[in-house]
Structures are given as C-alpha cells and as structure tokens.
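Engineer: Here it is, the structure, as structure tokens.
In the numbering used here, the protein residues as written are 490 to 979.
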C-alpha cells in the first residue's frame, strides 16, 4: 500500500514543471512588452529631437541665404556711387535691398522634404542704428513638422567715401544757360543761351521794361498756351518773338540728385592729421604744408604766400577760421589735389588769389558755417566753392573759375566776372539774385531774380567739380558688409 502511495505522489510532482514553464513565459512576455514600450518611446523621442534640431539648422540656412543676397545687393549699390544718405535710405540703396528680403520665405524651392514634412525658413531684417556704419539684425525662423527655432544674425553695412567731394554731376541739357525750378524774374540784363523753366504755373516768367533775351529756345512745363507764362509785360513791349521761341517741354530736371550733391559737403575723418597751432603769415612770409593738417586759425596778409605741396596725392586741411587778405596767395604745387575745410569763418579779399595758375579741379573749398560769405575786392578763386548752408554774396571785382554749389537760400551777385562756371543752388526756396557782373556758364536754382548783368552760356566740364574717379581704389566686399555669428533667440 505504501509503495503505491509513493508512486502516486511522485507523478503529481511532474505537473509542477508545466507551471514553472508557464510562469517563465509570462515573465518573459512582460519583459518583452516593457522593452518594446521603451523602444517605441525612444524612437518617438528621437523623432522629436531630430525635428527640433533640424528646425535650428533650417533657420541657420535661411539666415545664410538672406545674408548672401544682401551681400550681392550691397555690391550693386556701391557701384552706383551714391551719397551716404541715398546709399542707406533710398529705394535704389540698402533700403531697397532690405525691402526685397523682408518677409521672404525659403521653402520648397530651397529645401527638400524630410520624412514627408516640408522645411521652411522665414526671414526679417530690421535696422537698429542710423549711423555709418549702420547696424541691422537679420532674424530667421526655421520650421519643420510643427517645430520652430529662431536665430538672429547681426549685420553691419558701411558706406565708403570713395572720393572726397566726388560723385556725378546730374545731366544738364545742351546750351542751358538757366535751369529754374519755379520762377524767373527778368527785369534787366542780357541772357544768351537756352532757358528751362520747370514750372507748370502761369505767370512764372516775369518781364520788366529792360533786358534782352537772345535765347535760341525757352522751354516750359506749362501745358497751356505758352504765352501765359509771361507776366508783368509793359504794354509797349513786343514779346511775340519771345513767345515764338517758347515751347512746352517737360524736362523734369533731377532736382533731388542736385540736392543730394550737397551730401558730399562734409568734414573728413581727421585721425592722424598733423595738428598745428594758429598760423599767421604776413609781409614776405612764406610757409609750406605737405600733409593732412588741422589748423585752428590760418591768416595770410600783406603779400604773404602759402604753398601746398601735394606730391601727387590728396591733401586735406581742416581750418576753423581762414582769412586771406592784402594781395596774399595760396598756391598748389604738384599734380595732387587740395581740399580746404573751413568750419567757422572764411574771409577772402584785397586782391588775393587761390590757385591762380593751377588746374581748377585740384582745389575744393568746403564751408560749413551758417554765416554769410562776402567775397570781392579783386580776388580770384580758381577752384570749387562748396557751401553747406550759408548765403553768399559775390561783390564787384570778385572772379571765379569753377563751381559754386550752395545749400544756402540766397546767392547774390553784384559784380565781378566768372569763366567756365556753374552755380548750383538746389535747396527748396533758393534764389539767385543777379544784380550786376558777367557770368559765362550755367545757373541752376529754384528762382532767378535778374535785374542787370550778363549771362552767357558756356559749357561746364563736370570733371572740374566731380573729377573722374575711375582710378580710385574700390572698397572690398569686407569693407562694405560684415556679420557676426548667428545666435538663437527666444
């Protein structure tokens, strides 16, 4: 009996192996499911990280593409030789480049899809300073699969002054003795040369009892009967020959370009210039200068002389107050160029001369004060006079060969003579008052008031005022535009 019992007991133990096997399988199944869940979670996390990282690199690529477009645009703008204001703020300058890039989105034409999602980068440019160099911030937002990253790239653009007093003289019609923007008041004197009156108004050309206009043509912007532009005509005066010479022609002179020429009247960067104490030369005194120099007060009198030795280079001399009197002379020696920058007072009188036997284009005088300049007394200037804001009076005996470019409201001519001269007074409301004297050249102004004197057209060589700068060293791309590394923003 006991034997049989033991045998039965042993057979029941054999069933426990099956239970152990099932338990083992269950544990393995749970572990497998857990590992699978971990693997799937890791895969999803890797997918999220991939999209987030991709969004950053897409934003960076968008910023780089926009920056390359900006660099190419700045090179084109630099070639236009614009003055500083137009270089930065006009539609044909840097502002135009920014407008073309702002809001641009780089998408399917620039990025291939990734795992079924289309990457894109949207860029914005904003100005953060108004100086030269000018600072900008380029912002780029990269997007893919709902993930976005934003980076910012600081950019600096520099306007490079390639030629002191340089630029281009806007085109002037052939044989134009006068270009007036609003009105001509002609009550005496003599005019020989074409007249361009850029006014659409009646009665814009007032005539007096005296004076002779020997012009080939008189052009007006007035669209009605051209006879209506004439006003204040004495009843006895026959102006039929004058009317027959008058024709409608919408010339549209480049007034804005003439005004932009005033932007070139500015002080140079004077770091490294030699600083002299006040310099007074008198009697038989004689002085030479051969380098860029700053002089608080420079005075020549009593037949003295100052020689500027250019050594075939450009010399800048910055002066607070300049007085030349008593048959004194400033001469330019060599084939270089001289720029005199007068900040406060300029007095030139007593039979003195500036560059009397030199080349006209080799001397520029820049005047920055708002104090009126009065020139006369047998003096002779062979060069260009560029006035930032002051009025100027040319008295009897004053002679000039060269250009007068003035941002002042009034230029008054009471005598003297000029040869191969252009007088440009482009400011709004400007008037040239021609009371006496002789001018051979061209007058460009908003208003001309002529009571006497003689104006005869003479062609003006634009290289006298703005010399050909074809040999000027062009700035490199690195001189014009640079950037800092992109950084991520919130």
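Virtual Cβ for every residue (Gly too), placed ideally from N, Cα, C.
Leaving out five residues before and five after residue 775 in sequence, what residues of the same chain have Cβ atoms less than 6 Å from its Cβ?
Structural biologist: Cβ within range, chain order: 794.
Engineer: Helix, strand or coil: which one does DSSP assign to residue 765?
Structural biologist: Correct three-state label for residue 765: coil.
Engineer: Among all the DSSP beta bridges, which residues are the ones paired with residue 903?
Structural biologist: Per DSSP, 925.
Engineer: What's the gap between the Cα of residue 620 and the Cα of residue 809?
Structural biologist: In a straight line, the C-alpha of residue 620 is about 25 Å away from that of residue 809.
Engineer: Over what stretch of residues does the beta strand (DSSP E) that includes residue 672 continue unbroken?
Structural biologist: Unbroken beta strand (DSSP E) run through residue 672: 665 to 675.
Engineer: In the DSSP assignment, what are the bridge partners of residue 636?
Structural biologist: Residue 636 is bridged to 633.
Engineer: Which parts of the stretch 728 to 791 are runs of the alpha helix (DSSP H), unbroken and 4 residues or longer, counting only runs that do not cross its ends?
Structural biologist: As far as the stretch 728 to 791 is concerned, its whole alpha helix (DSSP H) runs of at least 4 residues are 729 to 733, 744 to 749.
Engineer: Report all residues from its chain with a CB closer than 6 Å to the CB of residue 567; omit the five preceding and five following residues, and keep chain order.
Structural biologist: Answer for residue 567: 969, listed in chain order.
Engineer: What residue range is occupied by the uninterrupted beta strand (DSSP E) comprising residue 971?
Structural biologist: Counting along the chain, the beta strand (DSSP E) containing residue 971 begins and ends at 970 to 972.
Engineer: When we look at the beta-carbon of residue 838 and count the other beta-carbons within 10 Å, is it buried (16 or more) or exposed?
Structural biologist: Buried, because 16 or more other Cβ atoms sit within 10 Å of the Cβ of residue 838.
Engineer: State yes or no: is the C-beta of residue 644 within less than 7 Å of the C-beta of residue 637?
Structural biologist: No, these two residues do not count as a Cβ contact at 7 Å.
Engineer: Does the stretch 897 to 908 come within contact of the stretch 687 to 707, defined as at least 3 CB pairs closer than 8 Å?
Structural biologist: Counting Cβ pairs under 8 Å, fewer than three are found: no touch.
Engineer: Would you report the Cα separation of residue 939 and residue 922, rounded to the nearest angstrom?
Structural biologist: Going from the Cα of residue 939 to the Cα of residue 922 covers about 6 Å.
Engineer: One question on the structure: do residue 701 and residue 679 come within less than 7 Å of each other, judged by their Cβ atoms?
Structural biologist: The answer is yes: Cβ separation under 7 Å.
Engineer: With respect to the beta strand (DSSP E) encompassing residue 895, which residues constitute its N-terminal and C-terminal limits?
Structural biologist: Segment 888 to 895, the beta strand (DSSP E) holding residue 895.
Engineer: Please report the Cβ distance between residue 852 and residue 873, rounded to the nearest whole angstrom; I am assuming they are in contact, meaning their Cβ atoms lie under 8 Å.
Structural biologist: That belief holds up - the Cβ atoms of residue 852 and residue 873 are roughly 7 Å apart, short of 8 Å.
Engineer: In chain order, what residues of the same chain have a beta carbon less than 6 Å from the beta carbon of residue 818, not counting five sequence neighbours either side?
Structural biologist: Excluding residues within five positions, the ones whose Cβ falls inside 6 Å are 794, 842.
Engineer: How far does the beta strand (DSSP E) with residue 830 in it reach, from first residue to last?
Structural biologist: Segment 826 to 837, the beta strand (DSSP E) holding residue 830.
Engineer: Between residue 811 and residue 747, what straight-line distance do the alpha-carbon atoms span, to the nearest angstrom?
Structural biologist: The alpha-carbon atoms of residue 811 and residue 747 are separated by roughly 28 Å.
Engineer: Is residue 820 helix, strand or coil by DSSP?
Structural biologist: In this structure, residue 820 counts as strand in the three-state DSSP scheme.
Engineer: Measuring straight from C-alpha to C-alpha, what distance separates residue 623 and residue 616?
Structural biologist: C-alpha separation (whole angstroms): 8 Å.
Engineer: Can you name, in chain order, every residue of its own chain whose Cβ lies under 6 Å from the Cβ of residue 751, other than the five neighbours on each side?
Structural biologist: So the list reads 896, once near-sequence residues are dropped.
Engineer: With a threshold of 16 other CB atoms inside 10 Å of the CB of residue 565, please say whether the residue is buried or exposed.
Structural biologist: By the 10 Å Cβ count, residue 565 comes out exposed.
Engineer: Rounded to whole angstroms, how far is the Cβ of residue 975 from the Cβ of residue 640, which I believe are closer than 8 Å?
Structural biologist: 4 Å between Cβ atoms; contact.
Engineer: Sort 731, 867, 658, 720 by Cα distance to residue 905 and report the nearest one.
Structural biologist: The candidate whose alpha carbon is nearest that of residue 905 is 867.
Engineer: Measuring CB to CB, does residue 907 end up less than 7 Å from residue 889?
Structural biologist: Yes.
Engineer: Out of 543, 550, 588, 966, which has the shortest C-alpha to C-alpha gap to residue 604?
Structural biologist: Residue 604 has its Cα closest to that of 543, out of 543, 550, 588, 966.
Engineer: Who are the Cβ neighbours of residue 884 in its own chain at under 8 Å, not counting the five residues just before and after it?
Structural biologist: So the qualifying residues of the chain are 863, 864, 865, 866, 903, 904, 905.
Engineer: Can you list, in chain order, the stretches of the beta strand (DSSP E) that have 3 or more residues and sit fully within the stretch 537 to 625?
Structural biologist: 609 to 616, all fully within the stretch 537 to 625.
Engineer: Any idea what DSSP makes of residue 979, helix, strand or coil?
Structural biologist: Coil, per DSSP.
Engineer: What residues are listed by DSSP as bridge partners for residue 863?
Structural biologist: Bridge partners of residue 863: 882.
Engineer: From residue 844 to residue 574, what distance separates their C-alpha atoms?
Structural biologist: Those two C-alpha atoms are separated by around 32 Å.
Engineer: Go through its chain and collect everything with a Cβ distance to residue 963's Cβ below 6 Å, but skip five positions before and after it.
Structural biologist: Cβ neighbours of residue 963 beyond the five flanking positions: none.
Engineer: If residue 554 sits next to residue 595, beta carbons under 8 Å apart, how far is it from one beta carbon to the other, in whole angstroms?
Structural biologist: So it is a contact: roughly 6 Å between Cβ atoms.
Engineer: Given a threshold of 16 other Cβ atoms within 10 Å of its Cβ, counted over all protein chains shown, does residue 663 qualify as buried or as exposed?
Structural biologist: It counts as exposed.
Engineer: Do residue 572 and residue 749 count as a contact pair if the criterion is CB distance below 7 Å?
Structural biologist: Result yes, Cβ atoms of residue 749 and residue 572 sit closer than 7 Å.
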